[in-house]
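*Asks:* Following the numbering used here, the numbering of the sequence shown begins with 1 at its first residue and continues without gaps.
Here it is: the structure, laid out below.
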Amino acid sequence: MALNHAVASAPTKLILFGEHFVVYGTPGIAIPISPRNYVTANRLEGGPSLHLTGVMGDAVFEPGGRIAGDLSLGMFGAAYHFLNEKGIAKNGLFKADVKLDRRCKGIGNSSSVGAALGLAVARASGKRLLKEEVFECAQQVDGVAHGGRPSGIDARTVVEGKPQIFRRLFSPPGFEFRQTGVLLPTGFCLVVIDTFRGKKSTTRELVERFGQTVGAGGLPETLSDDARARICAPYATIYDKAAGLLSKGTPDCAKSIGELMNENHLLLSERGVSTDEIEVLRTGCLKAGALGMKISGAGGEGGAVIAFVSEKKLRGVEAIAKDLGFVCFVVEIAKQGAVLEK
Ligand code: MEV
Numbered sequence: 001m002a003l004n005h006a007v008a009s010a011p012t013k014l015i016l017f018g019e020h021f022v023v024y025g026t027p028g029i030a031i032p033i034s035p036r037n038y039v040t041a042n043r044l045e046g047g048p049s050l051h052l053t054g055v056m057g058d059a060v061f062e063p064g065g066r067i068a069g070d071l072s073l074g075m076f077g078a079a080y081h082f083l084n085e086k087g088i089a090k091n092g093l094f095k096a097d098v099k100l101d102r103r104c105k106g107i108g109n110s111s112s113v114g115a116a117l118g119l120a121v122a123r124a125s126g127k128r129l130l131k132e133e134v135f136e137c138a139q140q141v142d143g144v145a146h147g148g149r150p151s152g153i154d155a156r157t158v159v160e161g162k163p164q165i166f167r168r169l170f171s172p173p174g175f176e177f178r179q180t181g182v183l184l185p186t187g188f189c190l191v192v193i194d195t196f197r198g199k200k201s202t203t204r205e206l207v208e209r210f211g212q213t214v215g216a217g218g219l220p221e222t223l224s225d226d227a228r229a230r231i232c233a234p235y236a237t238i239y240d241k242a243a244g245l246l247s248k249g250t251p252d253c254a255k256s257i258g259e260l261m262n263e264n265h266l267l268l269s270e271r272g273v274s275t276d277e278i279e280v281l282r283t284g285c286l287k288a289g290a291l292g293m294k295i296s297g298a299g300g301e302g303g304a305v306i307a308f309v310s311e312k313k314l315r316g317v318e319a320i321a322k323d324l325g326f327v328c329f330v331v332e333i334a335k336q337g338a339v340l341e342k
C-alpha cells in the first residue's frame, strides 16, 4: 500500500539555434515542446532506495550510489543523490514510474524526466521543491548525461516551460536566461525527425567530439575567455540574426529563418556532430521544400533533426523522412514547464 503518492510532468525541448556552442558560453535559443513526460511516484514501506520503472527500463538506486538493473539509466541516480543531499527521499522506498511521450534523443528527455522525477519523489516524501531546486535536479541528471559539461539550456527550458534565450556564464559561474517571444511565422511548422535506427551516440560522446574538433583541449570552464570566444565566433552572427527574426515571426521572415538554420547546421556538421544519414535526410527534405533542416540537441547517430517547413510542403517532407525509415512528428510550443499534477 502506498503511503504517499504524487504525479509530476514536464515538457521536452528543442534547441532552435546554438547547441554545442552554448556549452562554451554563447547564447542559445530553445523552446519547450509538446511531447510531455509524466512521473508517478509512490512511497512504500521499506528502503531506503528509489526504483525507477517504465519504457526506458528498470533500475534501483541506493543512497550510497549503488545502481542495479539498467545501467543506461544511471544518470537518474544523480536526481536521487540530489534529493538525498537535500534530506528528501533519504529514508523511504520510492517507486517512480516514467511515462515517456516520445522516445527520441535530442528533445531533452533526460532533463524533462529529471525535473518531473525530482518534483514527484519530493512530493511523495511530503516535500515541495522550489523552481531553482527542480532546475538543479534536472541539471544534475544532465551533468551525467552530457559528461560533466551541461550548459543548462535543456534543464532551464523544460523547467520554465517558455521559449528561452539562455547563456552559460563562466566568471563567476552561473546562467543568464530570459524568456523570449519565439513566434513561428503563420503557416509554418516544426517537425522533429527521429533518426534512430538501432544505434545511438550519447550526448556525452558528442559533446566531447565537438570539444575535440574545435580544439578545446579541456572542459569549457578551464579555458580562457579568449579561447571560448574563438570557439563561439563562427556562430555569433547566426544568433544575432535569428533572435531578431524569431521575435518578429512574420511570414516574410520564414525564408531567412530557414537559411539560418541551415547555416547553423553546417557549422555543427563541420564540427563532427552530424552523420551521413542525417545529411541524406537533409538533402531529401530540402528538395521536398523544407526551408531549414538542422540537428537539434547533441546530434550524431539516432539524434533528432528538425525541419522548418510550410504546412503546404509538410506531407512531402514527412514522406522523405518515412521513406528513409524515420519516425517524425510535428511539435507545438508547450505552454507549461515542470509541474506537480493535481
Ligand atoms: C544537448 O541537448 C545540447 C548540447 O548543447 C549540450 C548542452 O547544452 O549541455 C549539445
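The C-beta atom is built at its ideal place from N, Cα and C for all residues, glycine as well.
All of these numbers come straight from a predicted model, not from anything done at the bench.
Is it buried or exposed, residue 301, if we count other Cβ atoms within 10 angstroms and call 16 or more buried?
*Replies:* Buried: at least 16 other Cβ atoms inside 10 Å.
*Asks:* At the level of alpha carbons, what is the spacing between residue 12 and residue 59?
*Replies:* Between residue 12 and residue 59, the C-alpha separation is close to 22 Å.
*Asks:* For a minimum of 3 consecutive residues, which ranges assigned as the beta strand (DSSP E) are wholly contained in the segment 46–111?
*Replies:* The segment 46–111 contains these whole beta strand (DSSP E) runs: 49–54, 59–61, 67–69, 93–99.
*Asks:* Just checking my contact of residue 7 with residue 113 at CB under 8 Å: how many whole Å lie between their CB atoms?
*Replies:* Rounded, the Cβ-Cβ distance is 13 Å, inconsistent with contact.
*Asks:* Please check the pair residue 181 and residue 251, which I expect to be a contact at CB under 8 Å, by giving their CB distance rounded to whole angstroms.
*Replies:* Contact flag wrong, Cβ pair sits at about 16 Å.
*Asks:* Measuring alpha carbon to alpha carbon, tell me which residue in 226, 111, 91, 320 is nearest residue 153.
*Replies:* Among 226, 111, 91, 320, the Cα nearest to that of residue 153 is on 111.
*Asks:* From the DSSP output, which residues share a beta bridge with residue 294?
*Replies:* Residue 294 is bridged to 306.
*Asks:* If you drop the 5 nearest sequence neighbours on each side, which residues of the same chain put their C-beta closer than 6 Å to that of residue 316?
*Replies:* Hits under 6 Å: 288, 289.
*Asks:* Measuring CB to CB, does residue 3 end up less than 8 Å from residue 44?
*Replies:* Yes, these two residues count as a Cβ contact at 8 Å.
*Asks:* Quick one: residues in its chain with C-beta nearer than 6 Å to the C-beta of residue 285, no 5 flanking neighbours on either side, listed in chain order?
*Replies:* If we look at residue 285 and ignore the five residues flanking it on each side, its Cβ neighbours are 293, 307, 317, 320.
*Asks:* Pick out the complete alpha helix (DSSP H) segments inside the segment 140–215, 4 residues or longer, and give them in chain order.
*Replies:* 153–160, 203–213, all fully within the segment 140–215.
*Asks:* Using 8 Å for Cβ pairs, my map puts residue 242 next to residue 29. What's the rounded Cβ distance?
*Replies:* With 8 Å as the limit, residue 242 and residue 29 qualify as a contact, their Cβ atoms being about 6 Å apart.
*Asks:* Of the residues 177, 223, 215, which one's Cα is nearest the Cα of residue 31?
*Replies:* Residue 31 has its Cα closest to that of 177, out of 177, 223, 215.
*Asks:* What are the boundary residues of the beta strand (DSSP E) that includes residue 5?
*Replies:* Looking at the DSSP string, the run of the beta strand (DSSP E) that includes residue 5 is 4–17.
*Asks:* Hey, out of 330, 151, 215, 209, whose CA is closest to residue 26's CA?
*Replies:* Nearest option by C-alpha distance: 151.
*Asks:* Considering only residues of the segment 206–287, which uninterrupted beta strand (DSSP E) runs meet the minimum length of 3 residues and lie entirely inside it, listed in chain order?
*Replies:* With a minimum length of 3 residues, no continuous beta strand (DSSP E) run stays inside the segment 206–287.
*Asks:* Note the first and the last residue of the continuous beta strand (DSSP E) segment covering residue 333.
*Replies:* Looking at the DSSP string, residue 333 is not in any beta strand (DSSP E), and its letter there is neither H nor E.
*Asks:* Can you give me the start and stop residues for the beta strand (DSSP E) that residue 356 sits inside?
*Replies:* Since the first residue shown for the chain is 1 and the last is 342, residue 356 is missing from the structure and cannot be characterised.
*Asks:* Tell me whether the segment 120–139 and the segment 87–94 touch, counting them as touching only if at least three CB pairs, one residue from each stretch, are closer than 8 Å.
*Replies:* Because the criterion of three Cβ pairs below 8 Å is met, the segment 120–139 and the segment 87–94 touch.
*Asks:* Per DSSP, what are the beta-bridge partners of residue 43 in this structure?
*Replies:* Answer is 4, 94.
*Asks:* Closer than 7 Å by C-beta to residue 109: which residues in its own chain qualify, once you throw out the five before and the five after it? Chain order, please.
*Replies:* Cβ neighbours of residue 109 beyond the five flanking positions: 12, 37, 100.
*Asks:* Give me the residue from 23, 9, 33 with the minimum Cα distance to residue 191.
*Replies:* Considering only alpha carbons, the answer is 33.
*Asks:* Mark residue 105 as exposed unless 16 or more other C-beta atoms lie within 10 angstroms of its C-beta, in which case mark it buried.
*Replies:* Counting Cβ neighbours within 10 Å, residue 105 comes out buried, since at least 16 surround it.
*Asks:* According to DSSP, what are the bridge partners of residue 33?
*Replies:* According to DSSP, residue 33 bridges with 12, 333.
*Asks:* Please tell me whether residue 238 has its Cβ less than 8 Å away from any Cβ of chain D.
*Replies:* Judged by its chain identifiers, the structure shown contains no chain D, having just a single protein chain.
*Asks:* Please report the Cβ distance between residue 193 and residue 273, rounded to the nearest whole angstrom; I am assuming they are in contact, meaning their Cβ atoms lie under 8 Å.
*Replies:* Incorrect: roughly 16 Å between the Cβ atoms, too far for contact.
*Asks:* Which same chain residues, not among the five before or five after residue 170, have their C-beta less than 8 Å away from its C-beta?
*Replies:* Result list for residue 170: 25, 220, 221, 225, 228, in chain order.
*Asks:* Any heavy atom of the ligand MEV closer than 7 Å to the beta-carbon of residue 323?
*Replies:* Outside the cutoff, so no.
*Asks:* For the alpha helix (DSSP H) that residue 289 lies in, which residues bound it at each end?
*Replies:* No alpha helix (DSSP H) contains residue 289, which DSSP labels as neither H nor E.
*Asks:* Here's a check: name, in chain order, each residue in its chain whose Cβ is nearer than 7 Å to the Cβ of residue 325, leaving out the five neighbours to either side.
*Replies:* Within the same chain, residue 325 has close Cβ partners 197.
*Asks:* Output the distance between the C-alpha atoms of residue 102 and residue 336, rounded to the nearest integer angstrom.
*Replies:* Those two C-alpha atoms are separated by around 17 Å.
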